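Chemist: Numbering (our numbering), first residue to last: 1238 to 1520. Even glycine gets a Cβ: it sits at the ideal position worked out from N, Cα and C. Please read all numbers here as calculations on a predicted model, not as lab measurements. One structure follows; several queries about it will come next.
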Amino acid sequence: MGDSVIADFTARVVTPRMGGNKPVRSRVLLANDRLIAVSSNEKVTVPTDRIVHVSMNSISGKLERFFSNTITVKYRTKRGGQTLHIEKDGAMAEKFRLLLTNLLLRGTTVLLYHPARRSGRMLEPSSRRAKISAKRGKAVFSTKNGSLSIDLSSVIHLRYETEETFRTSYPSVECTHRAGTQPTTTIVAAPDTRKLQLLGQYLQSDYRDTRGKAEKVALSAAEENALGAVQVGLGPDSIPTLLPEDAPPAADVVEKLQKKELVERGKERFRTTILGEIALRIR
């Protein structure tokens, strides 16, 4: 591969051709046009334009016990979809994920609608052409007049849309994230659905874990009502009117929400955390 090599390291790899369901020590090489994994007796070559999925630590089932820092790569072949799991200890796994994501998204032009919605209110922004890049902890959209950054830790909802968005018929990714204290929705549209899927997977890097935590949170009726009140900005005097008659004092309910990391104290009043926002959305 010569001078075209972007990354070259050893890792533990799982593919159907390399040990089936057990990790095998392999050399991993990345070039502009292909990803290669080479073990002592097998070689797997993945054209980069066939890659449809890149994610971190999304392994479950029997393979989960073998891995802790893992990049999962899914790609298309003539025989159907295939999966490659690559584990590398330390920060190298995240560094490689960023490198691969940027390679796959490089040069992609999208239509950016921002803000498309703010605090639930629908807006009608004009589209801006933007280039995508992945940086540590954020996705960046660069336009002629500046750039927009979305912190991955601020994402509270993500969905794909195949119908017409504003004035374009392109498919889109709709990302709702916390910008300052307000939930803000950004819509990214493009004709290339593969690139949109890759972008969406990167945007939900932190969201996936936080949603998993939110799904495990138990809420009483009083706690759910109080959490909703905090979300819309109601003050402590208004919360008691929304609680069931047999509910504990509002201050005690809010204190429980604090302990569950669903609300936090702001400058003037309590506000929902990212975990709290997601917990409300999935109910």
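1) Determine the closest residue to L1266 out of P1473, A1248 and Q1441, with distance taken between C-alpha atoms.
2) Check whether the stretch 1355-1364 touches the stretch 1437-1447, taking contact to mean three or more Cβ pairs, one atom from each stretch, closer than 8 Å.
3) What three-state label does DSSP hand T1418 in the structure shown?
4) With DSSP as the reference, please indicate the residues paired to R1249 in a beta bridge.
5) T1346 and R1366 - do their beta-carbons sit closer together than 8 Å?
6) Look at G1374 and S1390 and say whether their C-beta atoms are less than 8 Å apart.
7) Just the C-alpha distance for A1399 and I1393, rounded to the nearest angstrom, thanks.
8) Can you have a look at A1426 and say buried or exposed, based on whether 16 or more other CB atoms are within 10 angstroms of its CB?
9) Going by beta carbon distance, what residues of the same chain come within less than 8 Å of L1395, once the five residues before and after it are set aside?
10) Hey, V1490 and E1460: beta-carbon distance below 8 Å or not?
11) Is there at least one non-hydrogen atom of the ligand PLP closer than 7 Å to the beta-carbon of D1483?
12) Here's the rule I'm using: 16 or more other beta-carbon atoms within 10 Å means buried, otherwise exposed. How should A1455 be labelled?
13) Can you list, in chain order, the residues of its chain with a C-beta nearer than 7 Å to that of R1518? Leave out the 5 residues immediately preceding and following it.
14) Do T1430 and L1348 count as a contact pair if the criterion is CB distance below 8 Å?
15) Figure out for me which residue from F1378, D1446 and Q1468 has the closest Cα to the Cα of T1418.
Modeler: Reading from the atomic positions:
1) Counted from its first residue, the sequence shown places residue 1266 at position 29. With distances taken between Cα atoms, L1266 lies closest to A1248.
2) no
3) For the purposes of this step, residue 1418 is taken as residue 181 along the sequence shown, with counting starting at 1. Here DSSP, grouped into helix, strand and coil, assigns T1418 to coil.
4) Position 12 of the sequence shown, counted from the start, is the residue given in the question as residue 1249. Partner(s): R1262 and E1324.
5) As a first step, residue 1366 is located in the sequence shown; it is residue number 129 there, counting from the start. As a first step, residue 1346 is located in the sequence shown; it is residue number 109 there, counting from the start. Against a cut-off of 8 Å, the Cβ pair of T1346 and R1366 comes out as a contact.
6) The sequence position of residue 1374 within the sequence shown is 137, counting from 1. The sequence position of residue 1390 within the sequence shown is 153, counting from 1. Yes, the Cβ-Cβ distance between G1374 and S1390 is below 8 Å.
7) By 1-based counting over the sequence shown, the position of residue 1399 is 162. By 1-based counting over the sequence shown, the position of residue 1393 is 156. As written in the sequence, residue 1399 is Thr, which differs from the Ala given in the question. Near 20 Å, if we compare the C-alpha coordinates of I1393 and T1399.
8) As a position in the sequence shown, residue 1426 is number 189, starting the count at 1. Flag for A1426 reads buried.
9) The residue you call residue 1395 lines up with position 158 of the sequence shown. Contacts found: V1410, E1411, C1412, T1413, G1437, L1440, Q1441 and Y1444.
10) Locating residue 1490 in the sequence shown gives position 253, counting from the first residue. Locating residue 1460 in the sequence shown gives position 223, counting from the first residue. Yes, Cβ-Cβ distance for V1490 and E1460 is below 8 Å.
11) As for the ligand PLP, it is missing from this structure, which has no ligand bound.
12) Residue numbering aside, residue 1455 sits at position 218 when the sequence shown is read from its first letter. Exposed, by the Cβ-count rule.
13) Counting from 1 along the sequence shown, the entry for residue 1518 is found at position 281. Here the set comprises I1393 and H1394.
14) Counting from one through the sequence shown, the residue named residue 1348 turns up at place 111. Counting from one through the sequence shown, the residue named residue 1430 turns up at place 193. With contacts defined as CB atoms closer than 8 Å, L1348 and T1430 fail to qualify as a contacting pair.
15) Here residue 1418 corresponds to residue number 181 of the sequence shown, with the count starting at 1. It is Q1468 whose Cα lies nearest to the Cα of T1418.
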